[in-house]
Amino acid sequence: MSEILLVGRLRNQTRTVEAAIEALGYPVTTATSEAQALTLLEDREFALIIVLARTAPSPGSELPTWLETARLSKAGGRNREVPVVFLASDQAADEAEAEAETGGIVRGHWVGALDYLPAPVDEELLRSRLAAFAELDARELALKRSEALLRGAFEAAPIGKTVLDDAWRIVRANRAFADLLGWGPAELFGTEITSLAREDDREKLAAALTRVAGGGLGPDDPDRTGFDVHLQSSSGSYEWTCAYLSSIDPDEVGQPLLMIQWVDLTPRRHAEQARAELELEHLARAQAEATAQRLSELQAFTATLEAMSLDELLSELTLRLAEQFDAQLAEVRIDGHDDEGAIAVRAAAGRVLSAEHETSLPAEAWHEVPLAIDGAGVGSLRVIPSAERSFAAADRSRLEDLADRAALSIRRAQLHEQEHRIAATLQRGLLPTRLPEVRGLELTAHYEPAGAVSEVGGDWYDAFELKGARLGIVLGDVAGKGIPAASTMGQLRSVTRAFALGDGQTRGPGDVLTRLNRHQLALDAEEMFTVLYAIIDPGRGEIAWANAGHPPPLLHGSAGDSQYLEGGDGLMGIDDILYSDLHRTIGEHDTLIFYTDGLVERRGESLDVGLARLIYAVAAGPDDPRALCRHIVTDVVPTERTPHDDVTIVVARIT
8 MSEILLVGRL
18 RNQTRTVEAA
28 IEALGYPVTT
38 ATSEAQALTL
48 LEDREFALII
58 VLARTAPSPG
68 SELPTWLETA
78 RLSKAGGRNR
88 EVPVVFLASD
98 QAADEAEAEA
108 ETGGIVRGHW
118 VGALDYLPAP
128 VDEELLRSRL
138 AAFAELDARE
148 LALKRSEALL
158 RGAFEAAPIG
168 KTVLDDAWRI
178 VRANRAFADL
188 LGWGPAELFG
198 TEITSLARED
208 DREKLAAALT
218 RVAGGGLGPD
228 DPDRTGFDVH
238 LQSSSGSYEW
248 TCAYLSSIDP
258 DEVGQPLLMI
268 QWVDLTPRRH
278 AEQARAELEL
288 EHLARAQAEA
298 TAQRLSELQA
308 FTATLEAMSL
318 DELLSELTLR
328 LAEQFDAQLA
338 EVRIDGHDDE
348 GAIAVRAAAG
358 RVLSAEHETS
368 LPAEAWHEVP
378 LAIDGAGVGS
388 LRVIPSAERS
398 FAAADRSRLE
408 DLADRAALSI
418 RRAQLHEQEH
428 RIAATLQRGL
438 LPTRLPEVRG
448 LELTAHYEPA
458 GAVSEVGGDW
468 YDAFELKGAR
478 LGIVLGDVAG
488 KGIPAASTMG
498 QLRSVTRAFA
508 LGDGQTRGPG
518 DVLTRLNRHQ
528 LALDAEEMFT
538 VLYAIIDPGR
548 GEIAWANAGH
558 PPPLLHGSAG
568 DSQYLEGGDG
578 LMGIDDILYS
588 DLHRTIGEHD
598 TLIFYTDGLV
608 ERRGESLDVG
618 LARLIYAVAA
628 GPDDPRALCR
638 HIVTDVVPTE
648 RTPHDDVTIV
658 VARIT
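Residue numbers (the numbering used here): 8 to 662.
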């Protein structure tokens, strides 16, 4: 039994009752006031409430506080169903008090008491009453659990369930049934079940309901094991179900009820329909898998070839061709292009063979397919299978597919090389053919494009003599690559030189860059670029420069100290900026190194590391500008550069 609440003010009587309760093994909580009792009743649940009353109330008096406590406990809250027992704390002394005692019993029952024990309290009687209430509590708990179990089984059932009244209206539906039809359980209440059935199923459902209501489905009834019914969902579509009917004993619920359990057959019927198409699906799947495998092989055959030169590409294609067919020998041949002779590359056993390699195998041992681009033949793929392997029709089809992929890769490499040659020629044609000679200066430069296959970037430099034995030096880097970058670079080089030589060669570096930027903005050009323009005056021992987002020049002093000439403004081609002049004194035998970012940047490395590397290289290098330039290239230029990282270096030394 759960906890018992004892309400009483008389300590002696309370202890006596507490002892009797605890002797029976029941936990007890005592409240010494009605207010305390009401607080406990609000906060906790009890199995029994025992109230100790000092005297019985008279019939005409107001409800005593202990009766009010009992009444309030029954008024609501979590203990409204808990039984209440009154225990009198003294005996009626005379007939009048006995009559009042009787009235108190009546009023106690009126407010909800289930029992009333007069004083003095008989412990044996109290124990027997407590035992009776314990049994009632156990039965009530078992009943609640049983009801909760049945309710949970109904509500949580994975199949739909409905309970119908004698007019076949839904009086209860579980969540599975509501979800099956897309309704809320409350929305289905009162719905006549046959109205949900598809028209051609209504008569069958009504007949089965009639037979169940009349005594159930007999052992030979065809609907005993369930029958198909299509039910209309909230969206108007029909769900395919199997209905199982049964009746509920009216003696248990007070009225005749019917239950229908609904099993969703839609997935099952769809599966049966799918089985009819299974063979076709298996065939289609096998074909799809074969196609996917073939596409995967084709993709792998030409994967990661984009950045290779034509020679590297042909070698790699030949190796992969031999691997694909486990061939004794594989060959990729390209007919003459760009006034050159034919190229043939062979591979076997995982290595590319030398150009002089010949085979003694007869010509008919080769299996050959043409390489074609836009319908025009450009070469061929050939393989000689190993002795253990036959060459079936499927192999030839695969070889043809590989030839199509190889032709595209070869054509792309040829176009890249062609564009690279054009861009490189254009770029080199726009760079200075010779450097000016200025009194008091030694000048040298180095330009190195990125790898042979990559498209040329937009690096450029220029140097020109100014009045007063001064030297103007310009370095720039256009974002982008290929012919567009080289073309833009040529335009910028020409415009920059024109602005620098205008107004009698009196314009400062900041004025020149401001004009250059405004010129580009007026053209509405989309290219972004960095520019550094410096004027070296060896006679006055001064350098003036303006920087538009370019790497800073390095000043290496004659005493061996080095520092970067920091400062400058934002990138060109974005906003209208007034670029400022920066000035620095330079001394005899000082060296200035101008460069583009391809010299100091490396993938996965901080730019500060590259800048520090350049300082160390310059400090360890020779004094002669040409020798120093070669030393920087050898020591600093990264062995691995991004595809468009050209390297440009200009070295100027004050003599």
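Quick reminder that beta carbons are idealized off the backbone N, C-alpha and C, glycines included. All figures in this text were calculated on a predicted structure; none of them were measured in a lab.
Given a threshold of 16 other Cβ atoms within 10 Å of its Cβ, counted over all protein chains shown, does residue i qualify as buried or as exposed?
| i | result |
| --- | --- |
| residue 529 | exposed |
| residue 674 | As displayed, the chain neither begins before 8 nor continues past 662, which places residue 674 out of reach and without an answer. |
| residue 590 | exposed |
| residue 423 | buried |
| residue 466 | buried |
| residue 517 | buried |
| residue 501 | exposed |
| residue 524 | buried |
| residue 339 | buried |
| residue 186 | exposed |
| residue 664 | Nothing can be reported for residue 664, as the shown portion of the chain is limited to 8 through 662. |
| residue 654 | buried |
Report the residue from the options whose alpha carbon sits nearest the alpha carbon of residue i.
| i | options | result |
| --- | --- | --- |
| residue 503 | 476, 575, 469, 351 | 469 |
| residue 513 | 495, 472, 527, 493 | 472 |
| residue 605 | 652, 24, 569 | 652 |
| residue 497 | 507, 30, 483, 510 | 483 |
| residue 164 | 174, 183, 175 | 183 |
| residue 406 | 325, 478, 481 | 325 |
| residue 599 | 240, 659, 415 | 659 |
| residue 421 | 385, 10, 547 | 385 |
| residue 574 | 403, 644, 538 | 538 |
| residue 169 | 282, 239, 196 | 196 |
| residue 271 | 287, 282, 238, 634 | 238 |
| residue 134 | 287, 24, 492 | 24 |
| residue 388 | 381, 368, 417 | 417 |
| residue 582 | 492, 520, 38 | 520 |
| residue 476 | 550, 249, 319, 240 | 550 |
| residue 677 | 317, 545, 603, 191 | No statement about residue 677 is possible, as the shown extent of the chain runs from 8 to 662 and does not include it. |
The beta strand (DSSP E) spanning residue i covers which residue range?
| i | result |
| --- | --- |
| residue 200 | No beta strand (DSSP E) holds residue 200; DSSP gives it neither H nor E. |
| residue 350 | 350-355 |
| residue 603 | Looking at the DSSP string, residue 603 is not in any beta strand (DSSP E), and its letter there is neither H nor E. |
| residue 477 | 477-485 |
| residue 85 | Careful: residue 85 lies outside any beta strand (DSSP E) and carries neither H nor E. |
| residue 214 | Counting along the chain, residue 214 falls outside any beta strand (DSSP E), though it belongs to the alpha helix (DSSP H) covering 206-220. |
| residue 392 | 383-392 |
| residue 632 | Note, residue 632: premise wrong, no beta strand (DSSP E); alpha helix (DSSP H) at 632-643. |
| residue 441 | Run containing residue 441: none; DSSP gives neither H nor E here. |
| residue 232 | That residue, residue 232, is in no beta strand (DSSP E); it is neither H nor E in DSSP. |
| residue 378 | 374-380 |
| residue 31 | Where residue 31 is concerned, there is no enclosing beta strand (DSSP E), given that its DSSP letter is neither H nor E. |
Please state the DSSP three-state secondary structure of residue i.
| i | result |
| --- | --- |
| residue 144 | helix |
| residue 282 | helix |
| residue 22 | helix |
| residue 36 | strand |
| residue 583 | coil |
| residue 593 | coil |
| residue 272 | coil |
| residue 557 | coil |
| residue 243 | coil |
| residue 256 | coil |
| residue 325 | helix |
| residue 472 | strand |
| residue 10 | coil |
| residue 662 | coil |
| residue 330 | helix |
| residue 506 | helix |
The alpha helix (DSSP H) spanning residue i covers which residue range?
| i | result |
| --- | --- |
| residue 524 | 516-529 |
| residue 43 | 41-50 |
| residue 617 | 614-627 |
| residue 183 | 182-188 |
Just confirm the distance between the C-beta atoms of residue i and residue j, as a whole number of angstroms; I'd bet it's less than 8 Å.
| i | j | result |
| --- | --- | --- |
| residue 572 | residue 621 | Contact flag wrong, Cβ pair sits at about 13 Å. |
| residue 567 | residue 626 | 6 Å |
| residue 171 | residue 94 | Not confirmed; about 50 Å, so no contact. |
| residue 200 | residue 267 | 7 Å |
| residue 378 | residue 351 | So it is not a contact: roughly 12 Å between Cβ atoms. |
| residue 212 | residue 220 | About 12 Å separates the two Cβ atoms, so there is no contact after all. |
| residue 624 | residue 642 | 4 Å |
| residue 662 | residue 478 | Not quite, the Cβ-Cβ distance comes to about 12 Å (not below 8 Å), so this is no contact. |
| residue 332 | residue 390 | 5 Å |
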